[in-house]
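Residue numbers (the working numbering), protein chains in the order written: chain A, 6 to 456; chain B, 6 to 456. Let me begin by presenting the structure, written as structure tokens, before commenting on it.
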């Protein structure tokens with residue numbers, strides 16, 4: 006779930022009213038003199054060409070890399086298409102993209118075979134002839150000769166170029182790229198293999214786009230939190246982020262955690278950082294308790310750093326999470342410095358024998374109960390001789406739930422030298438999601454203890 | 006890595022020569038009388054809606070899952086679009102898709118917030134009114150009430166439905182889906198979160214599409230194996246699968262396991278099953294030792310079933326895998342029947358205290374050694390009183406490796422009443438991949454023991 010949150014007044018100047026509605030702005034044009042005038046953000050579309058990306062097995066990852074590069078140049082990606090070796094659909098896709106966007110980048114379909122149709126269809130849409138470029142052909146032949154191979158005649162197709170196109174050299178492969186300026190639209194044809202596409206973009210496309218964009222600089226920051234629902238976060242954060250047009254804020258929900266992405270568009274890096282700091286500080290003011298990272302650090306990395314900082318160690322006693330908490334803690338290289346041991350006590354017998362949970366306690370309260378969670382936490386802390394012990398017991402489902410103890414019910418407890426504290430949760434979702442949330446909650450419990 | 010392996014002659018009949026080239030077939034039309042005549046394949050387009058997938062951080066993976074399901078129904082995916090919270094572009098995308106394709110499926114954008122625009126724009130294109138459905142609203146309120154939370158008023162938006170749409174219930178979330186028949190086009194709106202989208206498609210969309218598709222029957226079978234590299238599998242399997250045009254075979258590498266997907270297209274189920282059985286039997290002939298599943302069963306499910314079948318129980322002692330083996334074993338509902346307990350003994354001290362590994366053994370061979378793996382396996386078996394005990398110790402990296410004991414070195418041992426056996430592995434890849442492969446290898450060790 007995503008909220009792209011922009012302030013009430015668009016930053017861009019009025020000639021781009023159309024673009025504003027594209028950006029989801031609900032407000033009309035404002036006088037450009039009220040606000041810093043930044044170059045209007047250019048819009049890009051990316052077209053990935055190749056039938057393999059229309060199978061269940063392949064995803065277009067080139068566009069992620071390109072998006073990062075384009076964003077860094079101050080260019081927004083507005084739409085992505087994946088199309089197969091399908092001439093009619095590709096033609097329509099290209100036409101639509103060129104109508105809507107200032108920059109159109111395609112990847113793939115520049116190979117030598119029949120079904121590599123990119124060149125042909127772009128030429129058709131752009132009404133330009135494809136002619137054989139002798140210089141490229143020579144280079145192709147030389148490339149094959151160097152490897153003592155005759156060039157298959159179909160490869161000659163890769164020397165076909167459009168009139169008035171800039172040829173983009175491809176030192177890592179056979180297919181050159183092309184860059185065409187058509188009216189207000191910059192059209193770029195890149196090869197599909199990342200090790201050919203990436204250097205071609207960086208060396209020959211980025212400089213051209215940079216010139217087109219001018220001095221815009223885009224900085225991002227990610228704040229991550231756990232323990233609040235999306236709407237609760239929105240309620241707390243909206244009064245802050247809505248004050249700002251720049252940075253803009255996006256809220257994402259991911260594996261039970263919530264990410265706030267701040268994006269600022271400036272012409273000067275120091276100014277950008279200052280703006281990000283300003284908004285970050287205010288968001289910490291209302292969400293501080295829940296925010297665990299303002300970098301790319303994961304929750305387990307934050308917990309690891311806190312344990313290290315406090316010279317503390319931890320041991321885990323898990324039931325419903327079945328070892329996943331220990332697994333997350335040990336994702337972090339070097340975690341052996343603070344993670345001493347874990348036990349997965351699935352059976353009552355194991356809870357008694359390994360953790361010293363008493364039979365009476367289990368009989369009186371049941372395995373999924375606060376007293377048992379506490380006894381597990383204390384038991385494992387004593388067993389391992391650690392600063393902290395954590396115990397988790399719950400019902401991950403799908404079976405085993407009851408009216409009184411439903412699927413999703415999880416008790417967890419944290420034991421330290423000051424005693425033991427417990428929390429009760431009722432997590433939504435299926436077995437996997439309940440286990441993921443429980444592990445997040447346990448990590449967060451440690452974080453809050455050490456903060 | 007993907008190999009899409011098709012026989013030399015296309016199965017489809019001649020009017021669909023165009024489609025053949027889309028599928029990457031290199032061979033020309035064959036006489037339709039040689040082959041079963043199958044209904045023309047229906048075309049689908051998938052539209053993923055959400056600005057998060059236009060950032061460098063998120064990729065649309067829903068479409069991969071949907072493509073697999075659609076292909077299985079005999080439906081071809083011809084184009085995929087990712088569009089943000091951008092009304093004009095979404096509208097154009099929907100219009101174009103409906104013009105070109107018989108089935109249009111959207112995912113995402115059904116949330117409660119302002120920028121979840123899917124409902125609104127589809128209603129606009131389809132010229133249908135959105136009206137508040139009291140029944141859905143009631144269910145939404147009940148869902149929140151169950152968790153003792155008041156429903157935020159913005160959630161009421163999720164009860165808006167188009168006239169004459171089939172409402173698709175969403176037991177795993179708040180947003181219902183919709184299915185609309187508009188002329189020749191079936192339009193389907195699904196929520197974005199996979200755990201909501203997937204069951205909704207399987208339960209309410211697939212049956213409708215199946216009816217539309219008619220008599221084409223596509224049967225698939227997945228064979229999964231662990232312990233061989235992709236090229237070794239190909240060398241063994243190629244002499245078999247290349248004999249068959251139908252079924253076609255695709256080999257995929259995934260999380261250290263290899264999947265062979267057999268796809269057969271027939272008009273008669275018995276005939277399809279017979280063909281699949283025929284190829285499967287031959288593949289078992291050459292790969293039998295490594296194949297662990299010919300259904301969708303995961304390795305942990307296969308191991309669980311074997312443990313159950315042998316009335317056996319298991320306990321785990323993990324070091325480098327840090328609880329992930331226990332986590333995988335307990336992914337399976339009901340695993341408490343055979344998984345008794347696990348320990349994560351990261352420190353030497355824990356290995357000694359909990360598992361009875363002797364100080365001498367650790368000093369002489371080091372923690373990452375065959376004797377220590379054996380002692381861990383025997384120790385945890387004794388501790389838990391289980392049929393089997395498994396011990397894992399290794400170097401997951403990135404640090405901690407040496408000339409003699411490189412990163413990726415993992416010893417694992419399996420203890421039973423007949424004594425203990427050990428294996429040494431050197432796994433490639435980064436920390437995460439090494440840990441994943443080690444967990445797979447440990448599960449496979451149990452499988453081979455019980456087979």
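Note that beta-carbon positions come from the ideal geometry of N, C-alpha and C, so glycine has one too.
Which listed residue (the options) has its alpha carbon closest to that of residue i
i, options, result
"residue 167 (chain B)", "B:238, B:186 and B:221", "B:186"
"residue 263 (chain A)", "A:277, A:232, A:140 and A:269", "A:232"
"residue 433 (chain A)", "A:192, A:411 and A:71", "A:411"
"residue 324 (chain A)", "A:350, A:330, A:308 and A:340", "A:350"
"residue 294 (chain B)", "B:454, B:132 and B:86", "B:454"
"residue 83 (chain A)", "B:93, B:84 and B:79", "B:93"
"residue 344 (chain A)", "A:355, A:330 and A:353", "A:330"
"residue 202 (chain A)", "A:281, A:456, A:74 and A:419", "A:74"
"residue 176 (chain B)", "B:162, B:207, B:189 and B:240", "B:207"
"residue 68 (chain B)", "A:227, A:60, A:108 and A:405", "A:60"
"residue 429 (chain B)", "B:335, B:234, B:159 and B:377", "B:377"
"residue 78 (chain B)", "B:101, B:245 and B:217", "B:217"
"residue 418 (chain A)", "A:386, A:390 and A:407", "A:386"
"residue 359 (chain A)", "A:388, A:174 and A:372", "A:388"
Buried/exposed call for residue i, threshold 16 Cβ in 10 Å
i, result
"residue 270 (chain A)", "buried"
"residue 441 (chain A)", "buried"
"residue 151 (chain A)", "exposed"
"residue 260 (chain B)", "exposed"
"residue 273 (chain A)", "exposed"
"residue 364 (chain A)", "exposed"
"residue 301 (chain A)", "exposed"
"residue 212 (chain B)", "exposed"
"residue 444 (chain A)", "buried"
"residue 181 (chain B)", "buried"
"residue 137 (chain A)", "exposed"
"residue 91 (chain A)", "buried"
"residue 439 (chain B)", "buried"
"residue 462 (chain B)", "Outside the shown range of chain B (6 to 456) lies residue 462 (chain B), about which nothing can therefore be said."
"residue 58 (chain B)", "buried"
Limits of the alpha helix (DSSP H) - the one that residue i falls within
i, result
"residue 229 (chain A)", "Segment 222-231 is the beta strand (DSSP E) holding residue 229 (chain A); no alpha helix (DSSP H) there."
"residue 131 (chain B)", "123-131"
"residue 236 (chain A)", "235-246"
Where the beta strand (DSSP E) through residue i begins and ends
i, result
"residue 266 (chain A)", "262-271"
"residue 351 (chain A)", "It is not in any beta strand (DSSP E) - residue 351 (chain A) carries neither H nor E in the DSSP assignment."
"residue 99 (chain A)", "Residue 99 (chain A) -> not in any beta strand (DSSP E); alpha helix (DSSP H) instead, spanning 92-105."
"residue 183 (chain A)", "182-187"
"residue 50 (chain B)", "47-54"
"residue 372 (chain B)", "Element bounds for residue 372 (chain B): n/a, residue is neither H nor E."
"residue 87 (chain B)", "80-88"
"residue 311 (chain B)", "Premise fails: residue 311 (chain B) lies in the alpha helix (DSSP H), 304-314, not in any beta strand (DSSP E)."
"residue 253 (chain A)", "253-259"
Three-state secondary structure assigned by DSSP to residue i
i, result
"residue 328 (chain B)", "coil"
"residue 74 (chain A)", "helix"
"residue 202 (chain A)", "helix"
"residue 298 (chain A)", "strand"
"residue 171 (chain B)", "strand"
"residue 322 (chain B)", "strand"
"residue 149 (chain B)", "helix"
"residue 179 (chain A)", "coil"
"residue 363 (chain A)", "coil"
"residue 392 (chain B)", "coil"
"residue 209 (chain A)", "helix"
"residue 285 (chain B)", "helix"
"residue 144 (chain B)", "helix"
"residue 458 (chain B)", "As displayed, chain B neither begins before 6 nor continues past 456, which places residue 458 (chain B) out of reach and without an answer."
"residue 457 (chain A)", "This structure gives no information on residue 457 (chain A), because the portion of chain A shown stretches from 6 to 456."
"residue 456 (chain B)", "coil"
"residue 215 (chain B)", "helix"
Neighbouring residues, chain E, relative to residue i (Cβ below 9 Å)
i, result
"residue 331 (chain A)", "No chain E appears in this structure, whose protein chains are A and B."
Next on the checklist: Going residue by residue through the stretch 395-453 of chain B, where are the continuous beta strand (DSSP E) segments of at least 3 residues, counting only ones entirely within it?
Outcome noted: 414-421 and 424-431
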